[in-house]
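**Q**
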Amino acid sequence: MNQRLPIDVLRALQTVIETGSVTRAAERLHLSQSAVSWKIKRLEKQLDRPLIQRDGQRLVASEDGVQLLIHARRILEAHDAALAHFNPVQLQGCVRLGATEQVPMAELSSLLAQFSRQHRQLDVRIVIEQSHVLRQALMDGELDLALHQDFTHRIEARDQLLWTEHVHWCARPGWQPEADAGVRLITFGPGCFYRQLAQERLSALGIRWQVAVECGSVEGVVSAMAAGLGIGLLSSAHLDKLIEVYRPFEQRLPLPEVANVLRFGSENPEPRLQVLHDLLVQALRRG
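Going by the UniProt record's numbering, the first residue of the sequence shown is number 1, and it counts up by one from there.
(1) Which whole-angstrom value describes the C-beta separation of Phe264 and Leu145, a residue pair presumed to lie in contact below a C-beta threshold of 8 Å?
(2) Can you say whether Leu205 is buried or exposed, counting buried as having 16 or more other CB atoms within 10 angstroms of its CB?
(3) Roughly how many whole angstroms lie between the Cα atoms of Ala78 and Leu253?
(4) In this structure, how does DSSP classify Val258 when only helix, strand and coil are distinguished?
(5) What are the uninterrupted segments assigned as beta strand (DSSP E) that are 3 or more residues long and contained completely in the stretch 108-179, given in chain order?
(6) What does Glu214 pair with, by DSSP beta-bridge criteria?
(7) Tell me the residue span of the beta strand (DSSP E) that contains Asp55.
(8) From Leu134, His119, Pro173, Asp140, pick the residue whose C-alpha is nearest to that of Glu244; which is it?
(9) Where do the ends of the beta strand (DSSP E) carrying Ser62 lie?
(10) Comparing alpha-carbon positions, which option in His153, Met225, Val133, Asp150 lies nearest Glu142?
(11) Please name the residue in Met225, Gln102, Ser116 whose C-alpha comes closest to that of Arg96.
(12) Apart from the five residues on each side of it in sequence, which residues of its chain come closer than 8 Å, Cβ to Cβ, to Ile75?
(13) In three-state terms, what does DSSP make of Val66?
(14) Bridge partners for Glu244 per DSSP, in chain order?
(15) With 16 as the cutoff for other CB atoms within 10 Å, does Cys94 come out buried or exposed?
(16) Is the beta carbon of Leu202 sitting closer than 8 Å to the one on Leu233?
Laid out in structure tokens, this is it:
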């Protein structure tokens with residue numbers, strides 16, 4: 001057996017597992033899909049065992065893949081640290097980054113870990129909040145950079161578009177509104193633009209509604225829907241077997257697409273912010 005584990009092949013494996021997709025991994029690594037697939041197959045042949053498997057729509061690590069990934073992360077961390085040590089450009093200071101739960105957190109965490117290893121004199125701090133909170137924090141100077149979400153027709157020229165997705169009326173399978181009580185809404189809170197849209201759409205058709213649940217997390221909102229406490233809006237990425245699209249409202253109350261975008265807090269960002277911005281755009285932009 002070949003005793004070498006090439007850095008580029010280990011990074012390909014790590015990226016496929018983190019993104020759950022050969023396509024997304026290829027975009028982040030700036031390679032073709034066939035090149036990424038070939039690296040994984042070559043590694044599997046070298047070790048004579050499967051390293052990834054399919055779980056629904058995602059690619060995940062096999063049992064052997066999980067074990068190899070533990071070693072791969074240590075190897076890649078040491079490799080990146082060595083490069084950073086001899087990097088003549090040393091970025092310093094603090095970067096305050098905001099993000100929503102719409103961003104794949106496993107992928108974002110991996111990117112920030114890699115960025116921190118390569119720029120050890122930079123302190124990267126991250127805040128997870130709703131989009132309207134992040135936008136206000138940018139205006140108040142509390143954040144330097146934010147990954148936020150808004151309707152496609154409302155994004156601004158300063159926003160870097162990463163990807164768009166559909167928003168749906170969602171509830172547990174078999175859910176129906178109560179004829180006497182009107183529609184019970186599950187929302188992310190008073191300032192959430194999903195809630196405002198739902199209320200506008202229902203009111204426009206004269207459908208009575210009341211807020212039944214307010215929860216700032218996606219997990220909490222999905223749990224409330226799955227328990228049958230009401231209906232609410234979710235983006236495509238958060239649909240699962242516990243909830244489904246409520247077709248009658250989808251047809252009667254159509255919803256716009258939302259855009260996931262990256263925005264600076266300043267019109268003249270410093271080099272350390274630009275470097276992180278470019279990394280996030282290259283890694284997270286789809287299409």
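A virtual CB, placed ideally from N, CA and C, is assigned to each residue, including glycine.
**A** This is what the structure holds:
(1) Confirmed, about 6 Å.
(2) Leu205 comes out exposed.
(3) Note on geometry: alpha-carbon atoms of Ala78 and Leu253 lie some 53 Å from one another.
(4) Residue state, collapsed to three classes: strand.
(5) DSSP runs (the beta strand (DSSP E)) wholly in the stretch 108-179: 122-128, 145-151, 160-165, 167-171.
(6) Partner(s): Thr187.
(7) It spans 52-55 - the beta strand (DSSP E) in which Asp55 sits, taken as one unbroken run.
(8) Out of Leu134, His119, Pro173, Asp140, Pro173 has the C-alpha closest to the C-alpha of Glu244.
(9) For Ser62, there is no enclosing beta strand (DSSP E), since its DSSP letter is neither H nor E.
(10) The shortest Cα separation from Glu142 among His153, Met225, Val133, Asp150 belongs to Val133.
(11) Arg96 has its Cα closest to that of Ser116, out of Met225, Gln102, Ser116.
(12) Once the five neighbours on either side are set aside, the close Cβ partners of Ile75 are Leu5, Ile7, Leu10.
(13) Val66: helix per DSSP, three-state reduction.
(14) Partner(s): Ala171.
(15) By the neighbour-count rule (16 or more Cβ atoms within 10 Å), Cys94 is not buried but exposed.
(16) The answer is no: Cβ separation not under 8 Å.
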